[in-house]
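Right, one structure below, let's go through it.
Protein chains: 2
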Amino acid sequence: MQKVSDWTIHRLSSYHRLLSEFANEGKEYISSHELAQRAGATPAQVRRDLSCFGTFGTKGKGYLVADLISKITSILGIDRDWRVALVGAGRLGSALFSYKEFRKRNFHIVAVFDSDRHKVGKHWADVQIDHPDDMKSIVRQRKVDIGVIAVPADTAQSVANAMVDAGIKAILNFAHRKLFVPDGVTLRNVNMAMELETLSYVMTKNRTRR
Amino acid sequence: MQKVSDWTIHRLSSYHRLLSEFANEGKEYISSHELAQRAGATPAQVRRDLSCFGTFGTKGKGYLVADLISKITSILGIDRDWRVALVGAGRLGSALFSYKEFRKRNFHIVAVFDSDRHKVGKHWADVQIDHPDDMKSIVRQRKVDIGVIAVPADTAQSVANAMVDAGIKAILNFAHRKLFVPDGVTLRNVNMAMELETLSYVMTKNRTRR
DNA sequence: TCATGTGAAACGCTTCACAGCT
DNA sequence: AGCTGTGAAGCGTTTCACATGA
Chain C
1 MQKVSDWTIH
11 RLSSYHRLLS
21 EFANEGKEYI
31 SSHELAQRAG
41 ATPAQVRRDL
51 SCFGTFGTKG
61 KGYLVADLIS
71 KITSILGIDR
81 DWRVALVGAG
91 RLGSALFSYK
101 EFRKRNFHIV
111 AVFDSDRHKV
121 GKHWADVQID
131 HPDDMKSIVR
141 QRKVDIGVIA
151 VPADTAQSVA
161 NAMVDAGIKA
171 ILNFAHRKLF
181 VPDGVTLRNV
191 NMAMELETLS
201 YVMTKNRTRR
Chain S
1 MQKVSDWTIH
11 RLSSYHRLLS
21 EFANEGKEYI
31 SSHELAQRAG
41 ATPAQVRRDL
51 SCFGTFGTKG
61 KGYLVADLIS
71 KITSILGIDR
81 DWRVALVGAG
91 RLGSALFSYK
101 EFRKRNFHIV
111 AVFDSDRHKV
121 GKHWADVQID
131 HPDDMKSIVR
141 QRKVDIGVIA
151 VPADTAQSVA
161 NAMVDAGIKA
171 ILNFAHRKLF
181 VPDGVTLRNV
191 NMAMELETLS
201 YVMTKNRTRR
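Chain order of the listed sequences is C and S.
Numbering follows full-length UniProt numbering, in which position 148 of the first sequence is assigned residue number 148; successive positions increment by one, without gaps.
Numbering follows full-length UniProt numbering, in which position 189 of the second sequence is assigned residue number 189; successive positions increment by one, without gaps.
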């Protein structure tokens, strides 16, 4: 299989969501042009992205909406459940725990960890908060696929190490710090502070120039 | 001024944070090599990024840490306060409101909006929750620079429109949806669901291949 | 005629490699 | 000798443009 860029995957994710909307609107076929318009992309981009995984369209007509949805669902691997462990039961962790978009897409938080002894033992919905020391056995028992890091920057790397040690192969990091993981472990970052600083940069630049 | 890529800005943000650490460790000079190593980048990348904005280094020695910090601070525009309006007083909004990394970098939430009449009138710390209908006047009174969208996907575009209408020129969007804003308004997105789907894709692909 | 799928060109970012300064 | 700053090469992504098929 050829190398597929992260951006293509991001766009597929967005096509997937938009296609559901088109399906709700009762559309049967959709052209790359219509999809691109709503996705904020170009028609050529849409066709190129899809062509990485096969030929799904019909020349002269476009793509069958229902068919394309199921193809993308399968490509992204969201046609199965994923079991997620969340580390960090602070406000961010709490927000993530109850984030509906996750459950809607079959990501289920099956374990929560926090090193604060006051939090350990409490329950969020039906999930008990455990201490990170027990991560290894719990991750195995509950068959965790994905780890989410929602702790302060200075402990994020040690949490990542513990996750790797527990056998987790995919990590989503919300801490404001670059993490290092071994080959074979996939790491994605969500960096809110960085995006704010990008805004700050653009506004500063515009102010200086005008 | 030449065009500087978003990625360069993201890396500057990360250099900035790392340089503070080096400063705390008592380092006076730092080479592109050392900085790159900790940032997970290459020395050439570090030098190229910095060279977009001037020549800050000394050949044979490296960069003066304190000097470089203040240069990057000024480039990113984080040497001043930014006034932020948050729309959406749900769990995510609450997490963002109390996210220390924001305040630490001089981003101050000076207004919170929510259309839920049960929330309007309540206070978060010293900020009262207001109804989005009053956004225009409040944004002007409180001199808001940046808008943060933390509402469900289906109302995000209308919130963005209201922000634009109120004169906000920079928006950070946490909703799982592509937003459209006019030229002159800067939009950045933080898309957590998309990152999870990228993990799902990589894990699915690896499982299929092996 | 209409829209896909795809070589090939264009573009932008990263890396190389070295001149030049300390 | 050591490290920066940068032209130029390399590489991956996007866009163009058109052959192909419905």
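All C-beta atoms in this analysis are idealised placements derived from N, C-alpha and C, irrespective of residue type, glycine included.
Worksheet entry | Same chain, Cβ closer than 7 Å to C:Asp81, neighbours up to 5 away in sequence not counted | Asn106, His108.
Worksheet item: Unbroken beta strand (DSSP E) runs of length 3 or more, entirely within the region 28-88 of chain C: which are they?
Response: Runs found: 82-87.
Fill in: C:Leu196: CB within 7 Å of a non-hydrogen atom of the ligand NAP
Only the bare structure without any ligand can be found here, which leaves the ligand NAP out of the picture.
Practice prompt. Verify whether the separation of the beta carbon atoms of C:Asp67 and C:Arg11 is less than 8 Å.
Written response: For the 8 Å CB-CB criterion, C:Asp67 and C:Arg11 do not form a contact.
Worksheet item: Which whole runs of the alpha helix (DSSP H) in the region 134-163 of chain C are 4 residues long or more, in chain order?
Response: Taken in chain order, the complete alpha helix (DSSP H) segments of 4 or more residues contained in the region 134-163 of chain C are 135-141.
Practice prompt. Please list, in chain order, all residues of the same chain as S:Gly93 whose beta carbon is under 6 Å from its beta carbon, the five residues on each side excluded.
Written response: Hits under 6 Å: Leu86, Ala150.
Worksheet item: Beta carbon of C:Met135, beta carbon of C:Ala89: below 8 Å?
Response: No.
Worksheet item: Comparing the C-beta of S:Asp145 with each C-beta of chain C, is any distance below 8 Å?
Response: Closer than 8 Å: yes.
Discussion item. Report the CB separation of S:Val159 from S:Pro132 in whole angstroms; it is logged as a contact under 8 Å.
Written reply: Indeed, because the Cβ distance is near 7 Å, the residues count as touching under 8 Å.
Discussion item. Strictly under 8 Å for the Cβ-Cβ distance: is C:Glu197 near chain S by that measure?
Written reply: By this cut-off, C:Glu197 is an interface position.
Worksheet item: Between S:Tyr15 and chain C, is there a C-beta pair that is closer than 8 Å?
Response: No, S:Tyr15 lies away from the interface with chain C (no Cβ there is under 8 Å from its Cβ).
Practice prompt. Put S:Asn24 into one of helix, strand or coil per three-state DSSP.
Written response: S:Asn24 falls in the helix class under three-state DSSP.
Practice prompt. Name the residue from S:Arg177, S:Val65, S:Ile9 whose alpha carbon lies nearest to the alpha carbon of S:Ser20.
Written response: Closest option to S:Ser20, Cα to Cα, is S:Val65.
Discussion item. For S:Asp116 and C:Lys59, what's the separation of their Cα atoms in angstroms?
Written reply: CA-CA distance, S:Asp116 to C:Lys59, rounds to 48 Å.
Worksheet item: Any Cβ of chain S within less than 8 Å of the Cβ of C:His176?
Response: Closer than 8 Å: yes.
Item to complete: Establish whether the CB of C:Phe102 and some CB of chain S are separated by less than 8 Å.
Response: Chain S places a beta carbon closer than 8 Å to that of C:Phe102, counting this residue as a contact.
Fill in: Three-state secondary structure assigned by DSSP to C:Asp130
Here C:Asp130 carries a strand assignment [DSSP, helix/strand/coil].
Worksheet item: Apart from the five residues just before and just after S:Ala23, which ones in its own chain have a Cβ nearer than 6 Å to its Cβ?
Response: The answer, listed in chain order, is Val65.
Fill in: For C:Ala125, the first and last residue of its enclosing alpha helix (DSSP H)
Boundaries cannot be given for C:Ala125, as no alpha helix (DSSP H) includes it and DSSP labels it neither H nor E.
Discussion item. To the nearest angstrom, how far is the alpha carbon of C:Trp124 from that of C:Arg91?
Written reply: Roughly 13 Å separates the two Cα atoms.
Discussion item. In whole angstroms, give me the CA-to-CA distance for S:Arg207 and C:Val144.
Written reply: Distance between the alpha carbons of S:Arg207 and C:Val144 is about 15 Å.
Practice prompt. For S:Phe107, return the contacting residues in chain C, with the cut-off set at a CB-CB distance below 7 Å.
Written response: Under the 7 Å cutoff, chain C gives Leu196.
Worksheet item: What residues of chain C sit near S:Ile9, judged by a beta carbon separation below 9 Å?
Response: Neighbours of S:Ile9 on chain C, chain order: Met194, Glu197, Thr198, Tyr201, Val202.
Practice prompt. Thinking S:Thr186 and S:Ala170 are a contact (beta carbons under 8 Å), I'd like their distance in whole angstroms, please.
Written response: Indeed, because the Cβ distance is near 5 Å, the residues count as touching under 8 Å.
Worksheet entry | Proximity of S:Gly54 and C:Lys178 at Cβ, strictly below 8 Å | Going by C-beta atoms, S:Gly54 is not nearer than 8 Å to C:Lys178.
Worksheet item: With C:Arg188 and C:Leu172 assumed to form a contact (beta carbons below 8 Å), what rounded beta-carbon distance in angstroms separates them?
Response: A Cβ-Cβ separation of about 5 Å places C:Arg188 in contact with C:Leu172 under the 8 Å criterion.
Discussion item. Looking only at its chain, what residues have a beta carbon closer than 8 Å to the beta carbon of S:Ile146, apart from the 5 residues adjacent to it on each side?
Written reply: Cβ neighbours of S:Ile146 beyond the five flanking positions: Trp82, Arg83, Val84, Ala85, Phe107, Ile168, Ala170, Ile171, Leu172.
Discussion item. Can you check whether the C-beta of S:Ser20 is within less than 8 Å of a C-beta belonging to chain C?
Written reply: For S:Ser20, no Cβ of chain C is located within less than 8 Å of the residue's own Cβ.
Worksheet entry | Rounded separation between S:Glu46 and S:Phe102 - CA only | The amino acid occupying residue 46 of chain S in the given sequence is Val; Glu does not appear at that position. For S:Val46 and S:Phe102, the distance between alpha carbons rounds to 25 Å.
Worksheet entry | Bridge-paired residues (DSSP) for C:Val112 | Answer by DSSP bridge pairing, in chain order: C:Leu86, C:Ile129.
Practice prompt. Please name the residue in C:Gly77, C:Arg38, C:Val110, C:Pro152 whose C-alpha comes closest to that of S:Ser98.
Written response: Shortest Cα-Cα distance from S:Ser98 to any of C:Gly77, C:Arg38, C:Val110, C:Pro152 involves C:Pro152.
Worksheet entry | With 16 other Cβ atoms within 10 Å as the buried cut-off, status of S:Asp114 | The Cβ neighbour count for S:Asp114, taken over all protein chains shown within 10 Å, is at least 16; the residue is labelled buried.
Worksheet item: Do you know how far the Cα of S:Phe180 is from the Cα of S:Lys100?
Response: If you take the alpha carbons of S:Lys100 and S:Phe180, they lie about 29 Å apart.
Worksheet entry | Residue from S:Gln2, S:Ile129, S:His33 whose Cα sits closest to the Cα of S:Tyr15 | S:Tyr15 has its Cα closest to that of S:His33, out of S:Gln2, S:Ile129, S:His33.
Worksheet item: Between C:Ile30 and C:Ile72, what straight-line distance do the alpha-carbon atoms span, to the nearest angstrom?
Response: Looking at the two C-alpha atoms, the distance is approximately 14 Å.
Worksheet item: Since C:Gly77 meets chain S, which of its residues come closer than 7 Å, beta carbon to beta carbon?
Response: Think of a sphere of 7 Å around the beta carbon of C:Gly77: the chain S residues whose beta carbon falls inside it are Ser200, Tyr201, Met203, Thr204, in chain order.
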